[in-house]
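2 protein chains.
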Amino acid sequence: MANVSIRDVARHAGVSVGTVSNVLNRPDAVSPDSVTKVQAAIEALGYVRNEAARKLRAGVSATVGFVVLDGQNPFYYDVIRGAEDEASRHGIAILYGATDEDVKRERVYLDLFEEQQVRGLLIAPYGDVNRRLERLRERGIGAVLVDRFSGENKFSSVSVDNVAGGRMAVEHLVATGRRRIAFVGGPFEMRQATDRLAGARVAAEGAEVPVDLEVIATAAMGVADGAAAGERILRRRAAERPDAVFAVNDLVALGLLQSLVGDRRVMVPEEIAIIGFDDISFAAAAAVPLSSMRQPSKVIGMTALRVLLEEAADPDLIPRQTVFQPELVVRRSTDPHR
Amino acid sequence: MANVSIRDVARHAGVSVGTVSNVLNRPDAVSPDSVTKVQAAIEALGYVRNEAARKLRAGVSATVGFVVLDGQNPFYYDVIRGAEDEASRHGIAILYGATDEDVKRERVYLDLFEEQQVRGLLIAPYGDVNRRLERLRERGIGAVLVDRFSGENKFSSVSVDNVAGGRMAVEHLVATGRRRIAFVGGPFEMRQATDRLAGARVAAEGAEVPVDLEVIATAAMGVADGAAAGERILRRRAAERPDAVFAVNDLVALGLLQSLVGDRRVMVPEEIAIIGFDDISFAAAAAVPLSSMRQPSKVIGMTALRVLLEEAADPDLIPRQTVFQPELVVRRSTDPHR
DNA sequence: TGAACGTCATGAAACGTTTCAAGCGCGTTC
DNA sequence: GAACGCGCTTGAAACGTTTCATGACGTTCA
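First to last, the sequence lines map onto chains G and U. The opening residue of the first sequence carries number 0 in numbering that gives the first Met the number 0; numbering runs sequentially from there. The opening residue of the second sequence carries number 0 in numbering that gives the first Met the number 0; numbering runs sequentially from there.
Okay, structure coming up:
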């Protein structure tokens with residue numbers, strides 16, 4: 000009862016299994032007559048293709064793995080949604096794994112996805128996965144790095160220009176009159192952090208006025224880390240506090256905001272301006288609406304999936320790095336200094 | 000080069016394929032000697048099990064589908080993370096699909112997952128999927144409803160007691176001195192909304208003082224819907240505004256908060272108190288830290304997956320409804336009335 | 001008229017695994 | 001010493017699909 004196979008469909012339609020398969024996969028190689036008969040049979044029997052058998056025989060998989068570094072960050076959910084949109088257009092499902100900056104889990108997921116023989120892998124990596132990814136590629140599973148530029152050009156990547164973003168953020172702070180700027184973020188094993196900081200340095204050094212840039216390191220990139228950094232700033236005497244903060248991402252910025260204005264000890268943006276990165280949807284809804292560097296997150300996901308599929312279809316393509324430009328979104332948290 | 004099969008392992012270890020399979024699946028039915036030989040061969044050749052073939056033959060799948068209604072709501076991220084934790088413990092991967100309250104997409108994903116022959120389905124439904132789910136069950140694919148009590152007892156579900164949550168929220172508002180309370184939420188096709196409202200009514204009617212409860216309906220449950228509702232409240236004369244709002248979830252509450260305090264027109268909690276539902280991590284980081292009804296989201300995900308696996312193992316289990324109690328989390332947005 | 005060709009349909013082989021009946025070797029029991 | 005049981009291994013069958021060599025049939029062209 001339960002399982003209708005292609006054989007049943009063939010019998011019901013009065014054709015061979017080969018023909019049914021062709022109707023499913025290359026309808027043009029089949030007479031219109033057969034197509035209608037087969038489709039009627041499929042309808043009548045409620046046939047659903049068995050993806051496992053298809054994968055086994057054809058070696059082509061209808062799943063793609065997505066490994067995300069930081070399952071707390073809404074930014075990645077937008078990326079996934081972009082990838083999903085594109086995937087469902089191709090009849091492809093997404094296997095999802097959040098690793099929470101845990102290298103061991105990252106490996107578990109890669110193993111799992113390898114067994115599943117995914118068509119390819121989208122990965123926002125934390126650990127050093129290059130070796131692992133190369134091994135997967137030997138097995139025919141390609142990968143596209145998301146939100147991280149692939150240094151050695153071994154893999155394609157889709158990301159945003161973090162250096163430019165950092166530069167633009169600090170230029171904006173300088174343009175609104177700030178001179179003592181703190182970069183809050185970390186850990187610096189993460190390219191996102193180092194690149195954004197590098198951009199910030201460029202802007203600080205290139206400014207026409209003298210600008211101080213200090214670095215306040217955080218252990219991770221969550222709300223709690225931002226709040227902790229805020230506490231550290233609050234412990235200083237007012238004169239020694241920065242007059243603006245560039246946070247490595249919006250979560251950190253929100254944490255900062257919360258601790259700074261929470262006890263109404265510091266006015267934002269009057270005493271300290273804050274700008275974040277990512278422009279997650281909560282940035283606009285924050286206590287003080289948060290300025291941020293917007294990433295085209297859905298487009299990143301969509302593009303990454305598209306690149307992945309293209310490379311899976313033609314493994315000889317050389318890796319390419321797609322880099323989008325971030326966009327400055329100004330809100331109240333960086334209102335100009337009076 | 001690329002693909003090492005069980006046959007290659009068998010040859011390399013000097014045993015039969017059957018033995019290799021047994022080492023993989025029931026090591027106790029095999030002599031220790033064979034086990035070590037086979038494991039050595041697996042190691043040497045870098046063998047990885049082909050999940051497609053396994054699924055085809057054994058009919059048992061190592062994937063579970065998770066269909067989420069509202070990909071914007073961080074609450075579901077936590078649910079997924081709970082499910083993931085449990086899944087990876089069983090070597091199971093999660094196929095993820097966010098439908099964004101789009102009935103058509105919901106169907107697309109169900110189709111996709113049916114082709115993939117997932118072991119089962121976790122679903123936070125939007126549309127009326129009961130018929131579809133029953134058909135899937137006939138095919139051997141069970142489902143567990145997440146975050147929604149299954150009315151007719153046809154499927155197991157894991158959710159939170161929304162009626163109790165609504166009651167507790169309004170009781171809290173009344174206890175802190177509010178008397179003119181608005182429920183902001185919708186659409187009322189969604190059980191979450193109707194149940195929370197029902198609970199609110201119980202509290203309002205059971206209060207020892209007269210309490211007004213009005214309903215401000217929203218089209219959906221996102222930040223924008225909350226902000227729109229806030230605008231409507233702002234258009235009223237001050238005397239006609241509620242003195243407290245119970246929002247159907249935190250996103251709506253954040254939107255409300257943003258529009259109410261955004262232009263500093265209304266003081267929260269002094270003029271209007273706000274309480275939300277879910278206790279997403281941004282609730283604590285809001286402009287005015289938000290009181291909320293906390294759901295044990297990770298536990299919900301974990302439990303749902305566990306129930307799903309149990310039912311997949313033994314299809315004769317009767318459906319069971321697991322209901323957790325929400326917990327009141329008090330923050331500044333409902334500071335007592337003076 | 002016959003060769004050549006194009007269009008379709010056919011059915012068996014193959015993908016890599018699990019399962020299972022059968023068999024082997026060896027020790028134990030009557 | 002035959003019969004039996006036990007622990008383990010074996011190899012072929014089966015899962016449902018795609019692929020591909022083969023061939024049937026009809027049309028075109030020299």
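Just so you know, even glycine gets a beta-carbon here, dropped at the ideal spot from N, CA and C.
Check                                                                                                                                                                                                 : Outcome
What residue range does the alpha helix (DSSP H) around residue 68 of chain G cover?                                                                                                                  : Unbroken run through residue 68 of chain G: none, as it is neither H nor E.
What residues in its chain sit with their C-beta under 6 angstroms from that of residue 329 of chain U, if we drop five residues either side in the sequence?                                         : 290
From U:206, U:55, U:313 and U:106, pick the residue whose C-alpha is nearest to that of residue 65 of chain U; which is it?                                                                           : U:106
Can you check whether the CB of residue 319 of chain U is closer than 8 angstroms to the CB of residue 155 of chain U?                                                                                : yes
Under 8 angstroms between beta-carbons, which chain G residues line up against residue 93 of chain U? List them in chain order, please.                                                               : 94, 95 and 96
To test your reading of the DSSP string, which unbroken beta strand (DSSP E) runs of 3 or more residues are found completely within the stretch 129-175 of chain G?                                   : 141-145 and 155-159
Can residue 307 of chain G and residue 139 of chain G be called in contact, C-beta distance under 8 angstroms?                                                                                        : no
With 16 as the cutoff for other CB atoms within 10 Å, does residue 256 of chain U come out buried or exposed?                                                                                         : buried
With a cut-off of 8 angstroms, does the C-beta of residue 6 of chain G fall near any C-beta of chain U?                                                                                               : no
Should residue 258 of chain U go down as buried or exposed, given a rule of 16 or more other Cβ atoms within 10 Å for buried?                                                                         : buried
Please report whether the beta-carbon of residue 280 of chain U lies at a distance below 8 angstroms from any beta-carbon of chain G.                                                                 : yes
By how many angstroms is the C-alpha of residue 226 of chain G removed from the C-alpha of residue 339 of chain G?                                                                                    : The structure shown does not extend to residue 339 of chain G, since chain G is modelled only from 0 through 337, so no value can be given for it.
Expressed to the nearest angstrom, what Euclidean distance is found between the alpha-carbon atoms of residue 26 of chain G and residue 48 of chain G?                                                : 15 angstroms
Quick one: what's residue 320 of chain G bridged to in DSSP?                                                                                                                                          : G:156
Could you give the first and the last residue of the continuous alpha helix (DSSP H) run that contains residue 112 of chain G?                                                                        : 102-114
Assuming contact is defined by CB atoms lying nearer than 8 angstroms, are residue 22 of chain G and residue 37 of chain G in contact in what I supplied?                                             : yes
Could you give the first and the last residue of the continuous alpha helix (DSSP H) run that contains residue 179 of chain U?                                                                        : Per DSSP, residue 179 of chain U belongs to no alpha helix (DSSP H); it is in the beta strand (DSSP E), 179-184.
Can you name the start and end residues of the alpha helix (DSSP H) that residue 200 of chain U belongs to?                                                                                           : 190-205
According to DSSP, simplified to helix, strand and coil, what is residue 275 of chain U?                                                                                                              : strand
Within 8 angstroms of any Cβ in chain U, is that where the Cβ of residue 80 of chain G sits?                                                                                                          : yes
By the 8 angstroms beta-carbon criterion, what residues does the stretch 112-130 of chain G contribute toward chain U?                                                                                : 112, 113, 114, 115 and 116
Less than 7 angstroms between the CB of residue 332 of chain G and some heavy atom of the ligand PLP, yes or no?                                                                                      : By its list of ligands, the structure shown contains no ligand whatsoever, and the ligand PLP lies outside what it can speak to.
Could you pull out every residue in the same chain whose Cβ sits closer than 6 angstroms to the Cβ of residue 160 of chain G, ignoring the five residues on either side in sequence?                  : 322 and 324
What distance in whole Å lies between the Cβ atoms of residue 6 of chain U and residue 16 of chain U, which are believed to be in contact at a cut-off of 8 angstroms?                                : 6 angstroms
For residue 266 of chain U, count the other beta carbons within 10 Å of its own beta carbon; 16 or more makes it buried, fewer makes it exposed. Which is it?                                         : exposed
Are the Cβ atoms of residue 332 of chain G and residue 273 of chain G separated by less than 8 angstroms?                                                                                             : yes
Have a look at G:8, G:182 and G:58 and flag the residue whose alpha-carbon is nearest the alpha-carbon of residue 312 of chain G.                                                                     : G:58
Cα-Cα, which of G:79, G:98, G:133 and G:116 is closest to residue 98 of chain U?                                                                                                                      : G:79
Could you tell me which residues DSSP puts in a beta bridge with residue 345 of chain G?                                                                                                              : Chain G is shown only over 0 to 337; residue 345 of chain G falls outside these bounds and no answer can be derived.
Assuming residue 287 of chain U and residue 260 of chain U make a contact with CB atoms under 8 angstroms, what is their CB distance in whole Å?                                                      : 7 angstroms
Got a sec? Which residues, its chain only, sit under 7 angstroms from residue 100 of chain U by beta carbon, not counting five neighbours each side?                                                  : 68, 69, 125 and 219
From U:314, U:270 and U:301, pick the residue whose C-alpha is nearest to that of residue 145 of chain U; which is it?                                                                                : U:301
Give me, in chain order, the residues of the same chain whose beta-carbon lies closer than 8 angstroms to that of residue 34 of chain U; leave out the 5 immediate sequence neighbours on both sides. : 22 and 26
Just how far apart, CA to CA, sit residue 95 of chain G and residue 208 of chain G?                                                                                                                   : 48 angstroms
How is residue 57 of chain G classed by DSSP in three states: helix, strand or coil?                                                                                                                  : helix
Using a Cβ-Cβ cutoff of less than 7 angstroms, which residues in the same chain neighbour residue 0 of chain G once the five nearest sequence positions on both sides are dropped?                    : Below a pLDDT of 50, predicted positions are generally treated as unreliable, and residue 0 of chain G, at 42, falls in that range; no measurement from the model is reported.
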